[in-house]
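Asks: Take a look at this one; I'll ask things after.
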Amino acid sequence: MKAKSLFLLSAALVFGSLPVMADEGLEAPVPVRMVPPKFPPEMRREGTGGVVTIKCTIDEKGNVTEPQVEKASNDAFVQPALDALRKWKFKPAKKAGAPIALKVSIPIQFSISDD
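When you line the sequence shown up against this note's numbering, it's residues 12 to 126, in that order.
So this is what it looks like as structure tokens:
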């Protein structure tokens with residue numbers, strides 16, 4: 012019998028929408044520590060997955076600041092996604108070699124798969 016297991020894909024960063032252009036000398040932030048979100052127990056029991064997209068700023072020190080939910084497939088995933096993202100750490104974005112703050116959108120995916 013197959014056991015139902017929990018699979019969290021929390022590292023799907025959306026930097027494709029950033030205006031990263033070589034001629035501008037802009038480098039995107041790079042995650043160096045990603046803490047997975049806690050899957051809400053009620054959603055796990057129901058076998059329900061979802062995604063929360065959070066817009067935030069990665070500051071000059073690589074910290075996540077000003078997180079705001081852009082959209083969520085289910086409100087039950089919002090707080091766990093925010094709690095996890097606040098613990099993430101990045102190598103900051105750089106422009107002309109100097110660290111800069113940059114706004115990004117980060118989708119945090121909650122998925123359940125069968126093993």
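Backbone N, C-alpha and C fix where the C-beta goes; we use that ideal spot for every residue, glycine too.
Using DSSP's beta-bridge definition, name the partner residues of Asn-74.
Replies: BP columns for Asn-74 point to Lys-100.
Asks: Between Thr-59 and Leu-96, what straight-line distance do the alpha-carbon atoms span, to the nearest angstrom?
Replies: Cα-Cα distance, rounded: 21 angstroms.
Asks: Pro-42 and Phe-101: beta carbons closer than 7 angstroms?
Replies: Cβ distance < 7 angstroms, so Pro-42 and Phe-101 count as in contact.
Asks: To the nearest angstrom, how far is it from the Cα of Ile-111 to the Cα of Val-62?
Replies: Straight-line Cα distance between these residues: approximately 28 angstroms.
Asks: For Gln-90, I'd like the list of residues in its chain whose CB is within less than 8 angstroms of its CB, leaving aside the five on either flank, ordered along the chain.
Replies: No residues qualify anywhere along the chain.
Asks: According to DSSP, is Pro-91 part of a helix, a strand, or is it coil?
Replies: Helix.
Asks: Note down the Cα distance separating Gln-79 from Lys-66, rounded to an integer number of angstroms.
Replies: Approximately 5 angstroms, taken between the alpha carbons.
Asks: Classify Pro-48 as helix, strand or coil using the three-state DSSP reduction.
Replies: Residue state, collapsed to three classes: coil.
Asks: Where does Pro-30 fall in DSSP's three states?
Replies: Note that Pro-30 scores 46 on pLDDT, short of 50, meaning its location in the model is unreliable; the coordinates nonetheless yield the value given after this. Coil.
Asks: Considering only DSSP beta bridges, list what Thr-59 is partnered with.
Replies: None; Thr-59 has no bridge partner.
Asks: Would a C-beta distance cut-off of 7 angstroms place Thr-68 and Glu-57 closer than the cut-off?
Replies: No.
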